[in-house]
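Protein chains in written order, with the working numbering: chain S, 27 to 427; chain G, 27 to 427. Glycine included, C-beta positions come from ideal geometry on N, C-alpha and C.
The following block contains the structure:
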């Protein structure tokens, strides 16, 4: 990656030595700590004796959910009952020896356990606490039940992910837990920033960070809020096309797959039309520039789709790539897993899960010079409570004078 | 947010004192530095004399793009020609006095300018460098042109954001620059993690971080990769419904808007059906539990949609909220801007932009105890080169022995 050989001291994960406690469940907080663990933090996940409910989701091998192999990787798991005096005491012990904590209980729940920020800061005033919730720790909707799609819906994303005025079908979900993921990413980012601040200053106190699903999605709305405020414009969904660039759309192929093509610059447009055998059409004055092509886009889209319909997506893609026309078929998981670039970059890696056997893992989404993607998967998601003995013994050792 | 009053020393933004140089344009790198700037970092954006092309995008007031008021906020802007000897020298001066740098040129471009990681580390060995690209800094696709939708398409998201087998229409875009945003977030997170590492260790050297659009999107694919590897399953899009939970879907309303309803638990289902005047149906044995409801979901969806079609979305939402049924209409920008929760949390704030006038800004997506959302918007996106004099004078001052 970098031209110079990495210095030996750089060949460590960046967050080595940072200890983070997770009081999390389902997706958002565990995703935040998964990212921190990939970065080298020592994450101790605290679960109820029966385990995080997400361990029961989706397909499993020998009772072990395959998603959890990824979702729980690089973490230590301990089981504690937060309602019991012993469980609370152990959490306080953990917190006394940690740099940070991530939680995603409903607002007020940790306080009811006697483990709210004030309680935790009484034990460790330098603790950084990141809280994730549906709507945030205050405001009129604070106590409303948060459900999966709420962030997408209320943050403005679902309204935009649609084919407007063309279908009776509802706007589809993103297909992944996008609002939880975004909130988890912001929680991780805010947490590391606050730890950076604390690290430099022996007087610094820990911070409480408030992240929520709705604001996290809303943060991606580009210039839409000022546009509404200044001009009263309300951005509407655009489907798969871009109104101001033509031809740029997603086209159906012979095998039922879709091909995304960005052919809107003058030169690329000519190459695209030559590749599909329509050079004559490309030369017509009414397609001479992007503005004119936008006016006559329906005709162009029809001609391009007529061509893509005759070929499987991968074949059409290969022809356009050769013509240097930017395009990509819509990858499904097989496409991702078998793609040579994904394999070369070790975006897809086979690792050994002691509970499951050989299993494919995705790489961490960042790579650091001197560290291979494989090094960043230190171990797979452990069984609930797998590290009880190790962690509790470690606490005793560290508590010794 | 926290129960205790914030200590005075905590009432500062967490990244105060971190200096970050941006060699960025368009979305991904500038979004990364926007988040860092919101967190308090001193971000110096280096632009070509004619400015970042994104300044010409979308609607404008007096020639100032309204999106840039948000996208460029809290940053200092300097203009430099990276092709000129003077421009390169100034970048080296900036880098000599900085903690980190973010760039999103095409792989190899900075090296051609003589400003690659080796060059920059020769000036400042502790500099953390975050690089954002379409496909990453190596691998067979490294030099392929990256376009906006590529990450969405190749990372696996566009395949899932669809109404499968029900429509001839292509899967819609997310409606925002999701892959750029995700990559920017990971770049910011990796950068702060590496700065945390460097801060604690006088011997530590800077790192090079490689983030790309495709891996960033691919990181959200949950358990789909191990599922494919173990069982050969390829996750297919599910539209707006959830196959394993019923009724949970998005329903059309009288005003053309959509209402997302999550009514799949037994108790909530009963409350939902009572609220729409169908208690009798809720009592029928074939709807007695979630598994049975999933089997007979078409009938349920039809009955619920028949009810939602009679009411504007906000009215139907109010009725279901009173019945404690989790739901949300799909917010458009007017809904967001006018919502009492958004206003109470200052997710939507009116600020003064000296170039544009009064303008609405979204809050930073994280809040820290003792810091109001308003404090986190220190200034709006400046004109290109607005800080040339200030920054270059600062460099001279700092260079004095």
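>> Below 7 Å on C-beta distance, what does residue 257(S) contact in chain G?
In response: 85
Under three-state DSSP, which class holds residue 368(G)? helix
How do the segment 197-213 of chain S and the segment 149-162 of chain S stand: do at least 3 beta-carbon pairs fall below 8 Å, yes or no? yes
(message) Just list the residues that DSSP pairs residue 383(S) with in beta bridges.
(response) 379(S)
Quick check on the DSSP output: the beta strand (DSSP E) that includes residue 242(G) runs from which residue to which?
Residue 242(G) -> not in any beta strand (DSSP E); alpha helix (DSSP H) instead, spanning 239-244.
*asked:* By the DSSP assignment, the alpha helix (DSSP H) with residue 254(G) in it spans what residues?
replied: 250-257
query = Taking Cβ-Cβ distances shorter than 7 Å, what residues in chain G pair up with residue 176(S)?
reply = 354
* To do: Could you tell me whether the Cβ of residue 184(G) comes closer than 8 Å to any Cβ of chain S?
  => Residue-level contact check: residue 184(G) touches chain S, since one or more beta carbons of chain S fall below 8 Å from its beta carbon.
Do residue 266(S) and residue 198(G) have their CB atoms nearer than 8 Å? yes
In its own chain, which residues sit with a C-beta less than 6 Å from the C-beta of residue 58(G), not counting the 5 before and 5 after it? 128, 210, 213 and 214
- Counting only beta-carbon atoms, is residue 333(S) nearer than 8 Å to chain G? no
Item to check | Reduced DSSP secondary structure (H/G/I, E/B, other) of residue 457(S) | outcome: The first residue shown for chain S is 27 and the last is 427, placing residue 457(S) beyond what the model contains.
Exercise. So is residue 42(G) buried or exposed if we call it buried at 16+ other beta carbons inside 10 Å?
Worked result: exposed
For residue 110(S), count neighbouring Cβ atoms within 10 angstroms of its own Cβ and tell me buried if that reaches 16, exposed if not. exposed
Name the chain S residues whose beta carbon is nearer than 7 Å to that of residue 266(G)? Contact of residue 266(G) with chain S by beta-carbon distance below 7 Å involves 196, 197, 198 and 199.
Give me the subset of the segment 289-304 of chain G whose CB atoms are less than 7 Å from a CB atom of chain S, sorted by chain position.
none
* Own chain, CB closer than 8 Å to residue 152(S), minus 5 neighbours either side, in chain order -> 125, 224, 230, 231 and 232
Residue 236(S) (DSSP reduced to helix, strand or coil)
strand
Please tell me whether residue 100(S) has its Cβ less than 8 Å away from any Cβ of chain G.
no
Where residue 297(S) and residue 254(G) are concerned, what is the direct C-alpha to C-alpha distance, given to the nearest angstrom?
-> 36 Å
**Proximal chain G residues relative to residue 251(S), where beta-carbon distance stays under 8 Å** = 96, 359, 362, 363, 374, 386, 387 and 388
Q.
residue 168(G) and residue 174(G) - do their beta-carbons sit closer together than 8 Å?
A. no
So with CB distances below 7 Å, who are the chain S contacts of residue 1(G)?
This structure cannot speak to residue 1(G), because chain G is shown only from 27 to 427.
Notebook entry, point to check: If the cut is a Cβ gap below 7 Å, which residues of chain S does residue 367(G) touch?
Noted result: 161, 165, 166 and 167
Next item on the list: Return the Cβ separation of residue 119(S) and residue 421(S) in integer angstroms, given the expectation that the two are a contact with Cβ distance under 8 Å.
Entry: 5 Å
Listed by chain order, chain G residues near residue 225(S) by CB distance under 9 Å = 222, 225 and 226
Please tell me whether residue 261(S) has its Cβ less than 8 Å away from any Cβ of chain G. yes
Strictly under 8 Å for the Cβ-Cβ distance: is residue 103(S) near chain G by that measure? no
Could you check the C-alpha separation between residue 170(S) and residue 123(G) for me, to the nearest Å? When rounded, the distance between both Cα atoms is 48 Å.
- When Cβ atoms are compared, which residues of the segment 394-424 of chain G fall closer than 7 Å to chain S? Going along the segment 394-424 of chain G in chain order, one finds 394 and 395 with a Cβ nearer than 7 Å to chain S.
Find the nearest neighbour of residue 408(G) within the set 257(G), 294(G), 60(G) and 313(G), judged by alpha-carbon distance. 60(G)
Fill in: Nearest-angstrom Cβ-Cβ length linking residue 179(S) and residue 356(G), presumed shorter than 8 Å
Between residue 356(G) and residue 179(S) the Cβ distance is about 5 Å, and since that is below 8 Å, they are a contact.
Query - Contact set for residue 295(S): own chain, Cβ-Cβ below 6 Å, skip 5 residues either direction - result: 289
**Report entry** Length-filtered (3 minimum) beta strand (DSSP E) runs lying within the segment 85-146 of chain S
**Finding:** 101-105 and 126-129
query = Quick one: what's got a C-beta closer than 7 Å to residue 147(G)'s C-beta in the same chain, skipping five residues either side?
reply = 153 and 232
Q.
Taking 8 Å as the threshold (beta carbon to beta carbon), is residue 315(S) in contact with chain C?
A. No chain C appears in this structure, whose protein chains are S and G.
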